[in-house]
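4 protein chains.
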Amino acid sequence: MESDRERAIFEAGIKLGALYHQWVGTPISRESAASIETAIEKAVILQPFVEEITVRLDSSLMNENRFGYSELAGLMFDVEIVTRVGFSYCRARLAPERGYPFMRIEEYHEIPGIPRH
Amino acid sequence: MESDRERAIFEAGIKLGALYHQWVGTPISRESAASIETAIEKAVILQPFVEEITVRLDSSLMNENRFGYSELAGLMFDVEIVTRVGFSYCRARLAPERGYPFMRIEEYHEIPGIPRH
Amino acid sequence: MESDRERAIFEAGIKLGALYHQWVGTPISRESAASIETAIEKAVILQPFVEEITVRLDSSLMNENRFGYSELAGLMFDVEIVTRVGFSYCRARLAPERGYPFMRIEEYHEIPGIPRH
Amino acid sequence: MESDRERAIFEAGIKLGALYHQWVGTPISRESAASIETAIEKAVILQPFVEEITVRLDSSLMNENRFGYSELAGLMFDVEIVTRVGFSYCRARLAPERGYPFMRIEEYHEIPGIPRH
Chain A
3 MESDRERAIF
13 EAGIKLGALY
23 HQWVGTPISR
33 ESAASIETAI
43 EKAVILQPFV
53 EEITVRLDSS
63 LMNENRFGYS
73 ELAGLMFDVE
83 IVTRVGFSYC
93 RARLAPERGY
103 PFMRIEEYHE
113 IPGIPRH
Chain B
3 MESDRERAIF
13 EAGIKLGALY
23 HQWVGTPISR
33 ESAASIETAI
43 EKAVILQPFV
53 EEITVRLDSS
63 LMNENRFGYS
73 ELAGLMFDVE
83 IVTRVGFSYC
93 RARLAPERGY
103 PFMRIEEYHE
113 IPGIPRH
Chain C
3 MESDRERAIF
13 EAGIKLGALY
23 HQWVGTPISR
33 ESAASIETAI
43 EKAVILQPFV
53 EEITVRLDSS
63 LMNENRFGYS
73 ELAGLMFDVE
83 IVTRVGFSYC
93 RARLAPERGY
103 PFMRIEEYHE
113 IPGIPRH
Chain D
3 MESDRERAIF
13 EAGIKLGALY
23 HQWVGTPISR
33 ESAASIETAI
43 EKAVILQPFV
53 EEITVRLDSS
63 LMNENRFGYS
73 ELAGLMFDVE
83 IVTRVGFSYC
93 RARLAPERGY
103 PFMRIEEYHE
113 IPGIPRH
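Chains A, B, C and D, in that order, give the protein sequences. In terms of this note's numbering, the first sequence opens at residue 3 and continues consecutively. In terms of this note's numbering, the second sequence opens at residue 3 and continues consecutively. In terms of this note's numbering, the third sequence opens at residue 3 and continues consecutively. In terms of this note's numbering, the fourth sequence opens at residue 3 and continues consecutively.
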């Protein structure tokens with residue numbers, strides 16, 4: 003019923019919502035952050051319709067509690083994802099915006115199909 | 003940049019992806035299922051752009067392990083959500099489809115704005 | 003190998019660690035808090051070795067973000083659990099202590115077995 | 003109130019319960035499994051009282067769904083953890099036992115303190 007573009011947008015939303023709740027709360031430190039970034043990327047890229055995923059976690063927010071570590075919090079995420087359905091692509095992002103971990107559509111575009119003769 | 007319709011679709015995806023990963027794995031039984039359904043509904047309805055949410059968990063799949071309980075699994079979910087952005091609504095669903103917990107857009111529609119004189 | 007007392011202590015730890023990571027991050031408000039408390043209690047009581055569970059969530063910390071809701075945070079939990087293995091009981095607690103969501107053993111005791119003639 | 007040994011046992015339970023619920027449900031494949039194992043180890047070792055942690059995920063259970071990936075399930079875990087409180091160590095394990103992801107204490111021991119003259 004929906005267009006490929008709309009489906010790509012829907013899928014981008016699903017993936018961002020899912021990864022947020024899957025990973026928030028994970029114990030993390032500046033030393034382990036790169037390993038968690040890689041693990042998130044490798045988990046998300048497996049899923050259908052995902053073309054690209056880049057995860058950066060803001061280590062400046064990883065302040066140690068009195069036991070010497072931090073927990074992955076929503077505001078640490080800077081995630082960019084590209085989903086594709088048919089010839090439609092959607093690029094979306096999870097990043098802090100005015101103190102809130104915000105998800106937004108960055109752009110989408112269609113690749114023109116090859117005309118058939 | 004995106005239209006209200008597209009934003010409503012994006013938000014529906016976010017909410018379904020998030021609730022799946024927030025709640026899957028919760029210990030559950032036929033007796034406690036109604037309480038978990040209510041808790042999920044009350045948690046999701048709080049979030050921005052959510053107009054309606056209905057959660058049904060398939061108790062026929064809640065087979066007891068040898069300790070007498072089950073865990074909330076993806077295939078148990080039957081969730082319908084309505085998101086709204088401006089005058090655009092999106093109704094989406096998480097439900098089993100051929101053995102997989104599937105998320106799909108069910109419909110969307112626009113309410114015509116009130117003409118101003 | 004371990005004593006019943008030690009097994010009861012181990013089980014109390016498992017349950018507190020599990021519930022913390024299962025539920026932290028759930029959208030919550032002062033209005034929905036009671037529903038979430040009940041759902042957690044009903045989920046935890048299903049598990050083996052759990053005799054009692056009481057969950058209180060500190061609504062004074064449920065400050066609304068700019069979308070009008072909050073997320074269940076570690077410091078909101080005040081949970082008391084009683085586990086039993088054989089005739090040994092362990093009462094443990096998850097509650098804030100000096101700014102950290104802390105889990106501790108509160109007490110344990112044995113009920114003397116009935117002598118056999 | 004409790005002994006160091008009991009506290010080490012309690013902490014082992016907390017860590018195993020927490021990691022189970024933090025990670026179960028993560029999208030995974032045979033190719034990405036090593037990356038997830040490392041991420042879990044690096045997250046858990048940060049926490050207080052954890053001396054050692056080894057995570058093996060059973061890739062023979064990572065059967066692809068119709069979208070070509072799997073989700074991290076309870077029965078895939080083989081985790082060994084060593085906690086320490088004072089001079090007391092506890093080694094505990096999460097591994098399948100008769101079809102259930104089972105957590106158990108494997109051993110504990112005390113290192114004799116250095117006598118003071």
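Virtual Cβ for every residue (Gly too), placed ideally from N, Cα, C.
Exercise. Hey, does T40 of chain A have any beta-carbon neighbour from chain D nearer than 7 Å?
Worked result: Against the first sequence, residue 40 of chain A aligns to sequence position 38. Judged by the 7 Å Cβ criterion, T40 of chain A is in contact with chain D.
Problem set entry | Beta-carbon proximity check, E33 of chain C vs L59 of chain C, cutoff 7 Å | Reading the third sequence from its first residue, position 31 is the one you call residue 33 of chain C. Reading the third sequence from its first residue, position 57 is the one you call residue 59 of chain C. It is not a contact, given that the beta carbons lie outside the stated cut-off.
Exercise. How about Y102 of chain D: is its C-beta nearer than 7 Å to some C-beta of chain B?
Worked result: Working through the fourth sequence from its first residue, we reach residue 102 of chain D at position 100. Interface residue, yes.
Problem set entry | Neighbour flag for A20 of chain B against chain A, beta carbons, 7 Å | Sequence index remark: in the second sequence, residue 20 of chain B carries index 18 (1-based). Yes, because at least one Cβ of chain A sits closer than 7 Å to the Cβ of A20 of chain B.
For this session: Let me know the secondary structure DSSP gives S31 of chain C once reduced to three states.
Result: Here the question's residue 31 of chain C lines up with position 29 in the third sequence. S31 of chain C: coil per DSSP, three-state reduction.
For this session: Return the residues of the region 68-79 of chain D that lie within a Cβ-Cβ distance of less than 8 Å from chain A, sorted by chain order.
Result: F69, G70, Y71
For this session: Note down the Cα distance separating L21 of chain A from I42 of chain A, rounded to an integer number of angstroms.
Result: On the first sequence, residue 21 of chain A is found 19 positions in, with the first residue counted as 1. On the first sequence, residue 42 of chain A is found 40 positions in, with the first residue counted as 1. Cα-Cα distance, rounded: 8 Å.
For this session: Decide if the region 81-94 of chain C is in contact with the region 85-104 of chain B; the criterion is three or more beta carbon pairs, one per stretch, under 8 Å apart.
Result: The region 81-94 of chain C, when compared against the region 85-104 of chain B, does not touch it at the 8 Å Cβ threshold.
For this session: List the whole-angstrom C-beta distance separating A35 of chain B from M64 of chain B, where the pair is believed to meet the contact cut-off of C-beta under 8 Å.
Result: Within the second sequence, residue 35 of chain B is the residue found at index 33, counting from 1. Within the second sequence, residue 64 of chain B is the residue found at index 62, counting from 1. About 7 Å; that satisfies the 8 Å criterion.
Exercise. To the nearest angstrom, how far is it from the Cα of E99 of chain C to the Cα of V26 of chain A?
Worked result: The residue you call residue 99 of chain C lines up with position 97 of the third sequence. The residue you call residue 26 of chain A lines up with position 24 of the first sequence. Distance between the alpha carbons of E99 of chain C and V26 of chain A is about 22 Å.
Exercise. By a C-beta neighbour count over all protein chains shown, 10 Å radius and 16 as the cutoff for buried, is M3 of chain A buried or exposed?
Worked result: As a first step, residue 3 of chain A must be located in the first sequence, where it is residue number 1. Its Cβ having fewer than 16 others within 10 Å, M3 of chain A is exposed.
For this session: Quick one: list the residues of chain D neighbouring G27 of chain B, beta-carbon separation under 7 Å, in chain order.
Result: In the second sequence, residue 27 of chain B corresponds to position 25, counting from 1. By Cβ distance, chain D contributes H23, V26, G27.
Exercise. Along chain D, which residues have their Cβ under 8 Å away from the Cβ of I30 of chain A?
Worked result: Working through the first sequence from its first residue, we reach residue 30 of chain A at position 28. Under the 8 Å cutoff, chain D gives A45, L48.
Exercise. Smallest Cα separation from L77 of chain B: which of B:V87, B:R95, B:F12?
Worked result: Your numbering for residue 77 of chain B matches position 75 in the second sequence. For L77 of chain B, the nearest C-alpha among the options comes from B:R95.
Problem set entry | Reduced DSSP category for R93 of chain C - H, G, I as helix; E, B as strand; rest coil | Along the third sequence, read from residue 1 onward, the residue named residue 93 of chain C stands at position 91. Three-state DSSP puts R93 of chain C in a strand.
Exercise. Less than 7 Å separating the beta-carbons of E108 of chain A and R93 of chain A?
Worked result: For this step, residue 108 of chain A is matched to residue 106 along the first sequence. For this step, residue 93 of chain A is matched to residue 91 along the first sequence. Yes. Within cutoff.
Exercise. At which residues does the alpha helix (DSSP H) containing I113 of chain A begin and terminate?
Worked result: Residue mapping note: residue 113 of chain A aligns to position 111 of the first sequence, counting from 1. Run containing I113 of chain A: none; DSSP gives neither H nor E here.
For this session: Could you name the residues of the same chain whose beta carbon sits closer than 7 Å to that of V87 of chain B, not counting the 5 residues immediately before and after it, in chain order?
Result: Counted from its first residue, the second sequence places residue 87 of chain B at position 85. Closer than 7 Å at Cβ, skipping near neighbours: D6, R9, A10, E13, F51.
For this session: Let me know the secondary structure DSSP gives S5 of chain B once reduced to three states.
Result: Residue 5 of chain B sits at position 3 when you count from the first residue of the second sequence. S5 of chain B falls in the coil class under three-state DSSP.
Exercise. Does the distance from the C-beta atom of S72 of chain C to that of I30 of chain C stay below 7 Å?
Worked result: Within the third sequence, the letter at position 70 stands for residue 72 of chain C. Within the third sequence, the letter at position 28 stands for residue 30 of chain C. Contact: yes.
For this session: Between the Cα of S90 of chain C and those of C:P114, C:G19, C:L18, C:F69, spot the shortest distance and give me the residue it belongs to.
Result: Working through the third sequence from its first residue, we reach residue 90 of chain C at position 88. Looking at the Cα atoms, C:P114 is the closest of the given residues.
Exercise. How far does the beta strand (DSSP E) with E54 of chain C in it reach, from first residue to last?
Worked result: Walking along the third sequence from the start, residue 54 of chain C turns up at place 52. From DSSP, the beta strand (DSSP E) with E54 of chain C extends over 52-59.
Problem set entry | V84 of chain B: first and last residue of the uninterrupted beta strand (DSSP E) it sits in | In the second sequence, counting from the first residue as 1, residue 84 of chain B sits at position 82. Looking at the DSSP string, the run of the beta strand (DSSP E) that includes V84 of chain B is 79-87.
Exercise. What does A14 of chain A touch in chain B if you count any residue whose Cβ is under 8 Å from its own?
Worked result: Here residue 14 of chain A refers to the residue found at position 12 when the first sequence is read from its first residue. What A14 of chain A touches in chain B: F12, G15.
Exercise. Between the beta-carbon of A75 of chain B and the beta-carbon of T28 of chain C, is there less than 7 Å?
Worked result: Here residue 75 of chain B refers to the residue found at position 73 of the second sequence. Here residue 28 of chain C refers to the residue found at position 26 of the third sequence. Cβ atoms of A75 of chain B and T28 of chain C: not closer than 7 Å.
Exercise. For F79 of chain A, is the classification buried or exposed, using 16 other Cβ atoms within 10 angstroms of its Cβ as the cut-off for buried?
Worked result: Position 77 of the first sequence, counted from the start, is the residue given in the question as residue 79 of chain A. Per the 10 Å Cβ criterion, buried.
For this session: Determine the contact status of Q49 of chain D and H23 of chain C, defining contact as a CB-CB distance below 7 Å.
Result: The residue labelled residue 49 of chain D in the question sits at position 47 within the fourth sequence. The residue labelled residue 23 of chain C in the question sits at position 21 within the third sequence. Cβ atoms of Q49 of chain D and H23 of chain C: not closer than 7 Å.
Exercise. What residues of chain B sit near S34 of chain C, judged by a beta carbon separation below 7 Å?
Worked result: Within the third sequence, numbered from 1, the residue matching residue 34 of chain C stands at position 32. Neighbours of S34 of chain C on chain B, chain order: K44, A45, L48.
Exercise. Alpha carbon to alpha carbon, what distance is there between I47 of chain B and S61 of chain C?
Worked result: The residue labelled residue 61 of chain C in the question sits at position 59 within the third sequence. The residue labelled residue 47 of chain B in the question sits at position 45 within the second sequence. Near 18 Å, if we compare the C-alpha coordinates of I47 of chain B and S61 of chain C.
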